[in-house]
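**Q** Here it is, the structure in full.
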Amino acid sequence: MLASIVTTEWYLVLAAMLFSIGMVGVMVRRNPLVLFMCIELMLNAVNLTFVAFARQNGDIGGQTTVFFVMVVAAAEVVVGLGIIVAILRRRPTATTDDLAELKG
Amino acid sequence: MLDLVWLIPALPLLGFLVLLVLGRKLGDPVAGYFATAMVGLSFLVTVGVFLDLMSLDAEARTEQVTTLFSWVAVGGLHIDLAFLADPLSITMCLFVTGIGTLIHLYAVGYMHGDSRFSKFFLYLNLFAFSMLMLVLGSNMLVTFLGWEGVGTCSYFLISFWHERESAATAGKKAFVTNRVGDWGFMMAMFFAFWAVGSLDYLHINEAAESLSVTTATAIALFAFVGACGKSAQLPLYVWLPDAMEGPTPVSALIHAATMVTAGVYLMCRISPLFEVTADYAGTIIAVVGAVTALFAATIAVSQNDIKKVLAYSTVSQLGFMFLAVGSGAYVAAIFHMVTHAFFKALLFLGSGSVIHGMHHEQDMRRMGALRKFMPITFGTFIVGWLAIAGVPPFSGFWSKDEILLAAYDKSIVLWAVGLVTALLTAFYMTRQVIMVFYGEARWHDAHEEHGAHGDYHAHDTEPHESPWMMVLPLVVLAVLSFAGGFINMPFSHETEKLATWLEPVLHPHETDTAKLPLALAAIAAGLVGIAIGFAVYYFKKLKPVEPKILLDGWGYDRAISNFMGGPGRKAFDAIAWADAHLVDGAVNGTGKLVQATAGKARRVQTGNLRNYAAAVGVGVVLLLTWFVIVRGIL
Amino acid sequence: MMELFVFVVAAAMVLGGAIGVIVSKHPVHAALSLILTLFGVAVLFVAQEANFLAAVQVIVYAGAIVVLFLFVIMLLGVDNAENLRIEPFKIQRPLAAVVSVAVFALVVTAVFVARDASTAATGTGLEVLGDDGTPIHDGNIKALARDLFSDHVLAFELTSVLLVIAVVGTVLLARKPRKADLQEVGS
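Residue numbers (our numbering), protein chains in the order written: chain D, 1 to 104; chain E, 1001 to 1634; chain R, 2001 to 2187.
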């Protein structure tokens, strides 16, 4: 099926890179919105992986999974942004480091 | 009448309950007569049961169990509140209730005028109930109930005049020392249950042959520890001399005739076990008995309190009984128990009469020449003296002789110790008789000193004879002390009535030794003792030997209190410290440890999102490492 | 050949946008970089014949989610630049570097070690076969729909519930509290 130079592994490696970059962003950035965007990067990396495998295995289930991931990501973004709005309305200049009330 | 055997302990119990409620209202002397009547009725029932039992054949006599109700039914343990009316227990009941009645009557006169008159009889009846439960119990637990009961009543009665500190202390001492012995009894019960599965005497004795030597020896020796406590043998005898703080009827009933014999009774009850125990078990018992007998006799030689002499004498005579048990002559032990009950009760009551007549003077050095003032007391006391000294045909001779015969069969050394003790017994009793009843009147010298327990009478200058209530029991006991030996004369099988009666329960002691030479030796020892006594104290030919160390009881008491107060106390304090710090400390320490750990651990929750993200990242790396490298690909 | 070219360009878009997201000081710049990444991913979807997903990616992700992000940024006025020079936790950046490199390395190892492992094709295939037995043209949507509405229909229904809940919840969360509510709560 894949008689080309670009094999599945290329896509998988690319997805891994994207995922790692997303991880760095999550750990380093302090602005909550940018943090969220980095999470979106990681989700996209996962989607790429699924689609690559769906193509390799000839199974449409991979694409269905991507479909669901996108739906859930959308829902998650909606709720997450709602929370951020609720918090940042009171404290506009807060960063993630300041939102530490739940410490033990 | 046999199925009414439960009435025997029930009547004194009823007396106790009635006096508990109505005692103070009945007052002096009705309460006393009521209590006496209860015990007297109990005696009549006992006689009835005795006659019924005699009409059965020998085998059937051992099996008469009357069950009242099921007491403990837990798992494999089934214990009924049941009474075993066999020759041994009925013999004990006879003299417990008989002498008990006499002493109750005596006490009505002795305690006249005491402010807590009815309480005294309440305790006496409770004691009678407990003792009868002890003796009639068909299993070890009912016996233990009675055992503890008599210990408690002993405590109540010894410290009856509890305003006097020495009396209160003596009561506590008696109770605590008894408790130490009770541990032995309980261990014996545990072993018996573990080995046989039942606490019933009939089951235990039947299963005796199937027990291992170790188990049987263990049961026997632990029971002996309990007996040492209750019957005041070495090393647990210390409470008995102090127990003389109680009123004289108490000393007579509890500490001469009945409670202290409980230990001997127990050993005889489990005597079938001795067929199976190791040889050294019997030897230990016999040796302890003999040594105690000698030890106590030496102390009695230099006592000056009229009751203390008799107390040590009791310890000594109990030693004789254990010597018999250890030598396998159970019938001899019971025989001596019976005769001892007669003459010792007589001697105690007589001394009580003397104390009463001397306005509560107890020091013999201030008595003397009382035979003119208290003739009946004097006469009965003489009978008791001759009985205990072992002069035939008084009862003491026959029973003591049988014991010495058994001791001779066991070991000549033991026989020799017994013989020397018999000599000393005769000696110190003679000394007592002379100091109290003969010689010059020495009481004029010390008018100011009273007996410590209050002076109810007007201060007469002359001692007087006691009232009829006190004198009548003395006379009855004197007759018994004289004739009591005839129930078991060693001449032939027919005259050995007691042995025959007890035969299905207690195996008789078979012997080939010639009885006559030993009997003559015993008589000689008694007479020599009496002669020396007269020579020292009456004719004043020899110097009296009364070293202080004997007065102190060889310093044994003081050694115990030094040990308990010194190292003993330190040990207890150490244990208390260990409990507070180690045991409680471990528990508290666990709590503190958890708190400390939690305090450190909660610092992980920084509340900061990025720290959590970092932690998640590290976790992911570790997981992936395990899957990819350790397990080799996902 | 074409595929290689497409792949390289798309990969450049993806990685460029990703790095842009994590190094931008301004949140709006980060959002724009994110759009670049999402477009790159969409291109890669097309290259792998997941046409429908590519379309959904552009419409939902780039068109809705990022727009939502921008709305929130503008609404709250949190578009102040973050000072990336300072880092309160000294260990955080080195740790982030180590962790991401480690994850990348491990995943790549897994990929290359397992590349020869056989995989069984389960489930429905990528193609929809027509009446004559040959795959019909542009059957991706049909195939996806066939799988979605037969094997995964329950999950499908549940996601609809999920979306409703998410919307309702967020509306509630993000409401401005009315004065009356505040007084009720306070009394």
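Ideal Cβ positions, reconstructed from N, Cα and C, are used throughout, including at glycine.
Quick caveat: nothing in here was measured; it's all calculated off a predicted structure.
Could you pull the start and end residues of the alpha helix (DSSP H) that threonine 1339 of chain E belongs to?
**A** As a first step, residue 1339 of chain E is located in the second sequence; it is residue number 339 there, counting from the start. Taken as a continuous stretch (DSSP letters only), the alpha helix (DSSP H) holding threonine 1339 of chain E covers 1330-1357.
**Q** Looking at C-alpha atoms only, which residue of E:Ala1333, E:Ala1514 and E:Ala1574 is the closest neighbour of proline 1508 of chain E?
**A** Counting from 1 along the second sequence, the entry for residue 1508 of chain E is found at position 508. The residue with the shortest Cα to Cα distance from proline 1508 of chain E is E:Ala1333.
**Q** Check whether the Cβ atoms of isoleucine 1299 of chain E and phenylalanine 1427 of chain E sit closer than 8 Å, and answer yes or no.
**A** Position 299 of the second sequence, counting from 1, holds the residue named residue 1299 of chain E. Position 427 of the second sequence, counting from 1, holds the residue named residue 1427 of chain E. Contact: no.
**Q** Taking 8 Å as the threshold, find out whether the segment 1398-1412 of chain E comes into contact with the segment 1514-1526 of chain E through three or more Cβ pairs.
**A** Because the criterion of three Cβ pairs below 8 Å is met, the segment 1398-1412 of chain E and the segment 1514-1526 of chain E touch.
**Q** For valine 85 of chain D, go through chain R and note every residue whose CB falls closer than 9 Å to its CB, in chain order.
**A** Position 85 of the first sequence, counted from the first residue, corresponds to residue 85 of chain D. What valine 85 of chain D touches in chain R: Val2072, Leu2075, Leu2076, Thr2170, Leu2173 and Ala2174.
**Q** Using CA atoms only, rank isn't needed, just tell me which of E:Ala1085, E:Arg1603, E:Asn1178 and E:Thr1425 is closest to aspartate 1052 of chain E.
**A** The residue given as residue 1052 of chain E occupies position 52 in the second sequence. With distances taken between Cα atoms, aspartate 1052 of chain E lies closest to E:Ala1085.
**Q** Go through the segment 23-98 of chain D residue by residue and report every complete run of the alpha helix (DSSP H) that reaches 4 residues or more, in order.
**A** Counting whole runs of 4 or more residues, the segment 23-98 of chain D contains the alpha helix (DSSP H) stretches 32-57 and 61-90.
**Q** For glycine 80 of chain D, which residues of its own chain have a beta-carbon under 8 Å away from its beta-carbon, when the five flanking residues on both sides are left out?
**A** If you number the first sequence from 1, residue 80 of chain D lands on position 80. Cβ within range, chain order: Phe36.
**Q** Which residues, taken in chain order from the segment 1584-1618 of chain E, show a beta carbon closer than 8 Å to some beta carbon of chain D?
**A** Against chain D - using a Cβ distance shorter than 8 Å - the residues of the segment 1584-1618 of chain E are Arg1602, Arg1603, Val1604, Gln1605, Thr1606, Gly1607, Asn1608, Leu1609, Arg1610, Ala1613, Ala1614 and Gly1617.
**Q** Assuming alanine 1218 of chain E contacts phenylalanine 1193 of chain E (C-beta within less than 8 Å), just tell me the rounded distance between them.
**A** Within the second sequence, numbered from 1, the residue matching residue 1218 of chain E stands at position 218. Within the second sequence, numbered from 1, the residue matching residue 1193 of chain E stands at position 193. So it is not a contact: roughly 12 Å between Cβ atoms.
**Q** Please tell me whether leucine 2084 of chain R has its Cβ less than 8 Å away from any Cβ of chain E.
**A** Looking up residue 2084 of chain R in the third sequence gives position 84. So, not an interface residue.
**Q** Between the C-alpha atoms of leucine 1582 of chain E and glutamine 1595 of chain E, what's the straight-line distance to the nearest angstrom?
**A** As a position in the second sequence, residue 1582 of chain E is number 582, starting the count at 1. As a position in the second sequence, residue 1595 of chain E is number 595, starting the count at 1. The straight-line gap from Cα to Cα measures roughly 19 Å.
**Q** Considering only residues of the same chain and omitting the five flanking positions on each side of glycine 1484 of chain E, which have a CB-CB separation below 6 Å?
**A** Your numbering for residue 1484 of chain E matches position 484 in the second sequence. Once the five neighbours on either side are set aside, the close Cβ partners of glycine 1484 of chain E are Thr1339, Phe1342 and Ser1395.
**Q** Cβ atoms of threonine 1101 of chain E and threonine 1046 of chain E: under 8 Å apart, would you say?
**A** Counting from one through the second sequence, the residue named residue 1046 of chain E turns up at place 46. Counting from one through the second sequence, the residue named residue 1101 of chain E turns up at place 101. For threonine 1046 of chain E and threonine 1101 of chain E, no; Cβs fall outside 8 Å.
**Q** Three Cβ pairs or more, each shorter than 8 Å: is that satisfied between the segment 1536-1551 of chain E and the segment 1425-1441 of chain E?
**A** Flag = yes, the segment 1536-1551 of chain E and the segment 1425-1441 of chain E touch.
**Q** State buried or exposed for isoleucine 2136 of chain R, treating a residue as buried only when at least 16 other CB atoms are found within 10 Å of its CB.
**A** As a first step, residue 2136 of chain R must be located in the third sequence, where it is residue number 136. It is exposed - the Cβ of isoleucine 2136 of chain R has fewer than 16 other Cβ atoms within 10 Å.
**Q** For the beta strand (DSSP E) containing valine 1065 of chain E, name the first residue and the last one.
**A** Here residue 1065 of chain E corresponds to residue number 65 of the second sequence, with the count starting at 1. 1065-1074 is the extent of the beta strand (DSSP E) around valine 1065 of chain E.
**Q** Buried or exposed for alanine 52 of chain D, please, with buried defined as at least 16 other CB atoms from any protein chain shown within 10 angstroms of its CB.
**A** What you label residue 52 of chain D is simply residue 52 of the first sequence in a count that begins at 1. Alanine 52 of chain D comes out buried.
**Q** Kindly indicate the opening and closing residues of the alpha helix (DSSP H) around leucine 1386 of chain E.
**A** Locating residue 1386 of chain E in the second sequence gives position 386, where the first residue counts as 1. Looking at the DSSP string, the run of the alpha helix (DSSP H) that includes leucine 1386 of chain E is 1375-1389.
**Q** Histidine 1078 of chain E by DSSP, collapsed to three states: which one?
**A** Counting from 1 along the second sequence, the entry for residue 1078 of chain E is found at position 78. Histidine 1078 of chain E falls in the strand class under three-state DSSP.
**Q** By alpha-carbon positions, which one of E:Met1140, E:Ala1128 and E:Ala1107 ends up nearest to aspartate 1080 of chain E?
**A** As a working mapping, residue 1080 of chain E is identified with position 80 in the second sequence. Comparing Cα positions, the closest option is E:Met1140.
**Q** Return yes when the Cβ of leucine 1266 of chain E is within less than 8 Å of the Cβ of alanine 1293 of chain E, no when it is not.
**A** Here the question's residue 1293 of chain E lines up with position 293 in the second sequence. Here the question's residue 1266 of chain E lines up with position 266 in the second sequence. No, the pair does not count as a contact, with Cβ atoms beyond the cut-off.
**Q** Less than 8 Å between CB atoms is the rule here; does valine 1630 of chain E satisfy it with respect to chain R?
**A** In the second sequence, counting from the first residue as 1, residue 1630 of chain E sits at position 630. Output row for valine 1630 of chain E: interface = no.
**Q** By Cβ distance below 7 Å, which residues in the same chain neighbour methionine 1038 of chain E in space, the five residues on each side in sequence not counted?
**A** For this step, residue 1038 of chain E is matched to residue 38 along the second sequence. Answer for methionine 1038 of chain E: Leu1011, Pro1012, Leu1014, Gly1015 and Asn1125, listed in chain order.
**Q** Does glutamine 2092 of chain R get closer than 8 Å to chain E when you measure Cβ to Cβ?
**A** Position 92 of the third sequence, counted from the first residue, corresponds to residue 2092 of chain R. Judged by the 8 Å Cβ criterion, glutamine 2092 of chain R is in contact with chain E.
**Q** Kindly list, in the order they appear in chain D, the residues whose Cβ is closer than 7 Å to that of valine 2107 of chain R.
**A** Your numbering for residue 2107 of chain R matches position 107 in the third sequence. Within 7 Å Cβ-Cβ: Ala16.
**Q** Which residue wins for smallest C-alpha separation from glycine 1632 of chain E, given the options R:Ala2114, R:Ala2143 and R:Glu2127?
**A** Locating residue 1632 of chain E in the second sequence gives position 632, counting from the first residue. The option with the nearest alpha carbon to glycine 1632 of chain E is R:Ala2114.
**Q** Taking 8 Å as the cut-off, does the segment 1378-1387 of chain E touch the segment 1342-1354 of chain E (at least 3 CB pairs, one atom from each stretch)?
**A** With a cut-off of 8 Å, the segment 1378-1387 of chain E and the segment 1342-1354 of chain E count as touching, because enough Cβ pairs lie within range.
**Q** Please list the terminal residues of the continuous alpha helix (DSSP H) segment that includes glutamine 1362 of chain E.
**A** Position 362 of the second sequence holds residue 1362 of chain E. It is not in any alpha helix (DSSP H) - glutamine 1362 of chain E carries neither H nor E in the DSSP assignment.
**Q** What residue range does the alpha helix (DSSP H) around methionine 2001 of chain R cover?
**A** In the third sequence, counting from the first residue as 1, residue 2001 of chain R sits at position 1. First-last for methionine 2001 of chain R: undefined, no H or E at that position.
**Q** For leucine 1134 of chain E and threonine 1143 of chain E, I'd like the C-alpha separation in whole angstroms.
**A** Against the second sequence, residue 1134 of chain E aligns to sequence position 134. Against the second sequence, residue 1143 of chain E aligns to sequence position 143. So the alpha carbons of these two residues sit roughly 4 Å apart.
**Q** Between threonine 64 of chain D and chain R, is any beta-carbon pair separated by less than 8 Å?
**A** Taking the first sequence and counting its residues from 1, the one referred to as residue 64 of chain D is at position 64. Output row for threonine 64 of chain D: interface = yes.
**Q** Nearest-angstrom Cα distance between glutamine 1362 of chain E and alanine 1223 of chain E?
**A** On the second sequence, residue 1362 of chain E is found 362 positions in, with the first residue counted as 1. On the second sequence, residue 1223 of chain E is found 223 positions in, with the first residue counted as 1. Taking the straight line joining both Cα atoms gives about 36 Å.
**Q** Just confirm the distance between the C-beta atoms of alanine 1286 of chain E and leucine 1414 of chain E, as a whole number of angstroms; I'd bet it's less than 8 Å.
**A** Within the second sequence, the letter at position 286 stands for residue 1286 of chain E. Within the second sequence, the letter at position 414 stands for residue 1414 of chain E. Going by Cβ atoms, the distance from alanine 1286 of chain E to leucine 1414 of chain E rounds to 6 Å, so yes, they are a contact pair.
**Q** Counting Cβ pairs closer than 8 Å, one from the segment 1607-1620 of chain E and one from the segment 2089-2104 of chain R, do we hit at least three?
**A** Output reads yes: the segment 2089-2104 of chain R touches the segment 1607-1620 of chain E.
**Q** Which residue wins for smallest C-alpha separation from alanine 1058 of chain E, given the options E:Phe1156, E:Thr1606, E:Glu1503 and E:Gly1585?
**A** As a first step, residue 1058 of chain E is located in the second sequence; it is residue number 58 there, counting from the start. Comparing Cα positions, the closest option is E:Glu1503.
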